[in-house]
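In the working numbering, the protein residues as written are 10 to 93.
Structure below.
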């Protein structure tokens, strides 16, 4: 019996979700993101706006050298859908 075609993106999405769960488990001790990190909430919009202003004010060399700033940039890009 032939195997059904699988969407290659489906396995990528599952891997990303599994990585997200593991990251939150390691960082926060639980798999669900804290409320202030949930997309679409006012808290997220306010925090991301403040983060964007803070990062925009940083000199480029400092931005690249700061792991927290780079993690924030990745979070902002994920939230904005800048993955291409």
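Glycine included, every Cβ here is placed at the ideal spot set by N, Cα and C.
* When 71, 53, 69 and 70 are compared against residue 84, the one with the closest alpha-carbon -> 53
* Rounded to whole angstroms, what's the CA-CA distance from residue 21 to residue 31? Just pull it up for me. => Cα to Cα, residue 21 sits roughly 15 Å from residue 31.
* If you compare alpha carbons, which of 80, 50 and 70 is closest to residue 61? -> 80
* Asked: Does the distance from the CB of residue 57 to the CB of residue 78 come in under 9 Å?
  -> no
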